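Number 634 in the working numbering belongs to position 481 of the sequence shown; there are no gaps in the numbering.
The C-beta atom is built at its ideal place from N, Cα and C for all residues, glycine as well.
Owing to the predicted nature of the structure, the values given are computational and were not obtained by experimental measurement.
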Amino acid sequence: MVIARPDVNLFHEVAKLPSEVVAIILGYLPNCMLPELLYFSPIKKIVASTILSNVHITEIFEKHEGSDVPGVGYSECDCNMFRITLENLKKGIDKWNIYPKTIKTEFTDSFEIGWDVFSKLLTKASSIYGFFVGTSNYPPEELFELLMDSNVKFESLHLMYFLTPVKLPPVARSVTLHQIKLDTYVIPGVKQLILRTKSINQERTNFTFSPDLEDLRIEAGSKMYVNLPPNLQELYISSTKTVNFRSEEMLKLKHLELQLPTIQSFEETGIRAPNLEKLVLSTCEELDCFDNLKQFQHLKHLVLNNCTYPTNLLKQKSFPMLESFQYSGTYFPNLDKMDIVTLTFPSTLKMLIVANHGFSHVFLDTLSLPATLTYLKLVNVVYNDDDGYFHLGENLQYVHIESFKLAFDRNFRIPHKVEFFLVEAFDLYFDSSDFMYHLPNSLIYLTLLAHEGGEMHLTNQRIKWPSMVDSIVLDGLNIDYRTLISLNFNESRLETIRICGGNIKKLDVDLFPVSVKDLALMDMGIQELPASFEKLENLHRLCLAKNRLKKVNSVKLPISSLRVLVLRKCDLRLISPFLVSMVEEENRDAKLKVEATGNSNINVIDVRKSLKAIKGLSLDINCVDEALNRISDNSTRFSCSSRLPDPYSEESGFSETEEVVVSDYDSDGLYNGSVFSPDEDDSDDDDDDDDDDDDDDDDDDDNDDDDEDHKRRRIC
């Protein structure tokens with residue numbers, strides 16, 4: 154939520170809506186903001202109801218503050234309940250006569266002192282979440298006695314760090330125990346039990362549970378004997394030590410997740426669940442025999458994380474009901490020998506994810522993708538078909554492929570049902586760009602990334618964009634001005650356009666649609682900008698990183714909508730040419746965040762004047778001396794992301810002939826300089842301008858893009 158404080162005009166309009174609609178809108182706002190809305194008389198009753206209906210009773214809380222910095226707002230607020238003390242909650246109830254529907258509470262001093270009030274709150278609430286930490290002041294017996302006497306039933310009860318074994322009464326539907334030992338784990342009425350005992354000891358723990366239990370989750374660091382109740386529907390076990398299971402056939406078990414690094418075969422678990430629908434195995438590093446998994450003939454979802462790849466498991470008829478298979482790990486059989494790995498899959502599969510995070514690639518001799526597949530994600534899986542081209546099924550709706558090399562033949566078309574299409578490779582080749590003239594009507598997101606080699610040769614014919622397309626990302630395809638014209642963005646409805654790598658010299662704003670909100674043109678060889686971007690009236694974010702903008706003249710921006718301007722590594726001397734619109738009277742209240750790190754020759758006097766003249770400006774640069782660094786520590790609008798390296802150190806990458814130009818200035822006057830004017834001639838810069846002319850020659854000879862940026866570009 155990128156909002157810093159309530160907008161008066163907005164909420165006056167909201168107040169005109171039906172009360173049930175207002176309540177829905179308030180439900181999406183950060184809880185920390187809600188008290189400020191009590192000052193809006195037409196909706197204050199609804200606001201009070203929203204606040205009091207979902208509360209977290211606590212004595213320790215922190216109210217998140219909204220930020221004026223564009224793009225930040227209340228984004229750090231993660232309060233899904235309103236935090237309040239018991240005393241203030243009582244006052245709110247007395248004033249508004251509204252009782253909470255959902256309560257989360259903690260065992261605090263006020264809990265016992267105000268028990269009469271508190272118990273009344275609990276009995277009126279429909280959902281109660283208790284969170285109690287053991288203390289020496291209140292033995293657990295006292296807490297449980299209070300709960301039993303009140304007949305309160307918790308939706309969820311979370312207990313932590315009780316020092317002595319306790320006997321838990323049947324007062325909750327879901328129970329979470331963190332570092333707690335119970336006298337017995339047979340708790341009538343409990344449907345979900347979560348045990349977290351991470352301390353490692355040599356003692357073997359025996360667990361027996363109530364037959365009422367439906368969902369059991371255990372995270373432990375000790376050896377365990379686990380007697381599994383017969384009515385379990387979900388089971389999650391994670392342990393670094395040996396786990397021995399005792400169970401009957403579990404006919405109701407649908408979801409099983411195991412994280413057991415010591416087992417070598419699933420048969421060791423002894424688990425029999427003929428109706429299992431989802432199986433997740435994580436960090437089972439010793440597991441190399443998967444044959445026992447074939448017992449699960451009703452399996453619909455199989456997930457393997459950090460396990461050996463089950464090369465021979467997924468035959469076409471192994472799992473007749475399997476809909477999704479996900480693998481993420483590094484353990485492919487015979488990987489060191491670089492043997493060809495053939496992947497086959499059941500014909501019922503709809504989702505396939507294979508992500509190999511190892512240092513080597515897995516080569517596929519034949520990759521038979523089921524015709525039913527709608528979701529495909531392959532990461533670091535090298536395709537090695539006979540003709541060298543990658544082929545996609547017609548029913549795919551989601552495609553995400555990352556590989557070392559990808560090639561598509563001249564007949565390639567993006568499948569007609571695809572909504573999301575992303576291909577990424579060090580070398581990405583299309584025999585023909587004709588597919589760009591036959592984009593599917595369903596397409597929403599299109600991303601083509603080439604880190605080393607890649608080109609897009611469009612004809613003079615202009616692309617006709619489907620109405621659904623919302624976002625396009627092109628990286629490493631060497632987009633020139635003619636190609637940019639053929640892309641025909643200005644006749645699209647695109648909201649996100651991000652291009653990295655090209656040579657267009659002079660940027661023409663008429664090539665982009667009014668609909669665009671996020672425009673990134675990174676490393677595009679741009680040296681000349683248009684006089685105005687104001688035509689792009691919906692533009693929220695503009696990135697021009699890694700273009701040579703040193704001699705740019707004044708540029709007008711759509712300040713009414715623009716919130717973030719990215720000018721990283723643009724060889725900038727001055728920020729002020731980009732701020733001329735902000736000093737106009739009608740834009741005095743506008744706010745803009747400028748990210749301009751990586752410009753080592755930036756003029757400090759210009760920075761000082763800009764910050765003083767424009768109160769809505771937030772600026773992020775590299776600090777060029779300690780004084781600026783100290784000032785940034787005390788500023789909410791000005792930040793120094795990092796110090797520039799010593800220009801003469803071996804690690805810095807600077808040569809001894811390169812000069813980091815820093816204007817002389819009075820650090821105490823950073824916010825007290827003369828009033829800024831875009832046409833003002835600053836005499837303090839005269840000497841620096843002479844130095845800057847010398848820098849031009851050095852910069853022309855030294856194209857020092859980072860190697861990492863070249864190998865793996867990152868779109869702004």
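Item checked: residue 648 versus residue 723 - alpha carbon distance -> 24 Å
Checklist line | Residue environment, residue 748, which counts as buried when at least 16 other CB atoms sit within 10 Å | finding: buried
Note to self: For residue 236, report the span of its beta strand (DSSP E) as first-last.
What the structure shows: Element bounds for residue 236: 235-237.
Check: Among residues of its own chain, excluding the 5 on either side of residue 824, which ones have a beta-carbon nearer than 7 Å to its beta-carbon?
Finding: Note that residue 824 has pLDDT 34, beneath the 50 cutoff, so the model's placement of it is unreliable and no number is given.
Checklist line | CB of residue 342 within 7 Å of CB of residue 323, strictly | finding: yes
Note to self: If I measure Cβ to Cβ from residue 585 and keep anything under 6 Å in the same chain, skipping five residues before and after, which residues do I get?
What the structure shows: 563
Margin query: Quick check: what's the CA-CA separation for residue 496 versus residue 462?
Written below: Straight-line Cα distance between these residues: approximately 10 Å.
Note to self: Rounded to the nearest angstrom, what separates residue 168 and residue 791 at their Cα positions?
What the structure shows: 37 Å
Note to self: According to DSSP, simplified to helix, strand and coil, what is residue 783?
What the structure shows: helix
Notebook entry, point to check: Which class does residue 654 belong to by DSSP, given the choice of helix, strand or coil?
Noted result: strand
Notebook entry, point to check: Considering only residues of the same chain and omitting the five flanking positions on each side of residue 294, which have a CB-CB separation below 8 Å?
Noted result: 319
Note to self: Just to check my reading of the structure: residue 287 and residue 314 have Cβ atoms closer than 8 Å, yes? What is that Cβ distance to the nearest angstrom?
What the structure shows: Rounded, the Cβ-Cβ distance is 5 Å, consistent with contact.
Notebook entry, point to check: How would you write the range of the alpha helix (DSSP H) that residue 197 sits in, first residue to last?
Noted result: 197-206
Next item on the list: Excluding the 5 residues preceding and the 5 following residue 834 in the sequence, name in chain order all residues of the same chain whose CB lies nearer than 6 Å to its CB.
Entry: Summary for residue 834: the model assigns pLDDT 40, below 50, so the residue's position carries little reliability; its value from the coordinates is reported in the next sentence. Same-chain partners within the cutoff: there are none.
Next item on the list: Put residue 664 into one of helix, strand or coil per three-state DSSP.
Entry: helix
Next item on the list: Please go through the same chain and pick out, in chain order, the residues whose beta-carbon is closer than 7 Å to the beta-carbon of residue 439, but skip the five residues on each side of it.
Entry: 414, 415, 416, 417
Checklist line | Contact between the segment 614-621 and the segment 638-653 (3+ Cβ pairs under 8 Å) | finding: yes
Notebook entry, point to check: Can you give the Cα-Cα distance for residue 254 and residue 233, rounded to whole angstroms?
Noted result: Whole-angstrom Cα-Cα distance: 14 Å.
Notebook entry, point to check: Is residue 386 near residue 401, with beta carbons less than 7 Å apart?
Noted result: no
Notebook entry, point to check: In whole angstroms, what is the alpha-carbon distance linking residue 542 and residue 658?
Noted result: 35 Å
Notebook entry, point to check: Could you give the distance in angstroms between the alpha-carbon of residue 163 and the alpha-carbon of residue 665?
Noted result: Rounded to the nearest angstrom, the two C-alpha atoms are 30 Å apart.
Notebook entry, point to check: Among 578, 599, 580, which has the Cα closest to the Cα of residue 588?
Noted result: Minimum Cα-Cα distance from residue 588 among the listed residues 578, 599, 580 corresponds to 599.
Next item on the list: Identify, in the order they occur along the chain, each residue of the same chain with its Cβ nearer than 6 Å to the Cβ of residue 772, setting aside the five sequence neighbours on each side.
Entry: 747, 791
Next item on the list: Kindly identify the DSSP beta-bridge partner or partners of residue 551.
Entry: Assignment of beta-bridge partners to residue 551 by DSSP yields 528, 573.
Margin query: Short of 7 Å in beta carbon distance, which residues of its chain neighbour residue 725, apart from the five on each side in sequence? Order them along the chain.
Written below: 702, 703, 749, 752, 755
Margin query: Let me check one thing: in DSSP terms, what residues is residue 632 bridge-paired to?
Written below: 655
Checklist line | Where residue 350 sits in the DSSP three-state scheme | finding: strand
Next item on the list: Can you grab the Cα-Cα spacing for the pair residue 561 / residue 548, in whole Å?
Entry: Answer to the nearest angstrom: the Cα atoms are 18 Å apart.
Next item on the list: Pull up the CB-CB distance for residue 698 and residue 720, whole angstroms please, since I reckon it's below 8 Å.
Entry: 7 Å
Next item on the list: Could you check the C-alpha separation between residue 336 and residue 206 for me, to the nearest Å?
Entry: 36 Å
Checklist line | Any chain C beta carbon closer than 7 Å to residue 425 | finding: The structure shown contains no chain C, having only a single protein chain.
Next item on the list: Name the two residues that bound the continuous beta strand (DSSP E) containing residue 694.
Entry: 694-696
Next item on the list: Measuring alpha carbon to alpha carbon, tell me which of 406, 425, 479, 483 ends up nearest residue 528.
Entry: 479
Notebook entry, point to check: Hey, out of 360, 395, 390, 370, whose CA is closest to residue 151's CA?
Noted result: With the chain covering only 154 through 869, there is no way to say anything about residue 151.
Note to self: Please classify residue 316 as buried or exposed, where buried requires at least 16 other C-beta atoms within 10 Å of its C-beta.
What the structure shows: exposed
Check: Taking Cβ positions, are residue 686 and residue 711 nearer each other than 7 Å?
Finding: yes
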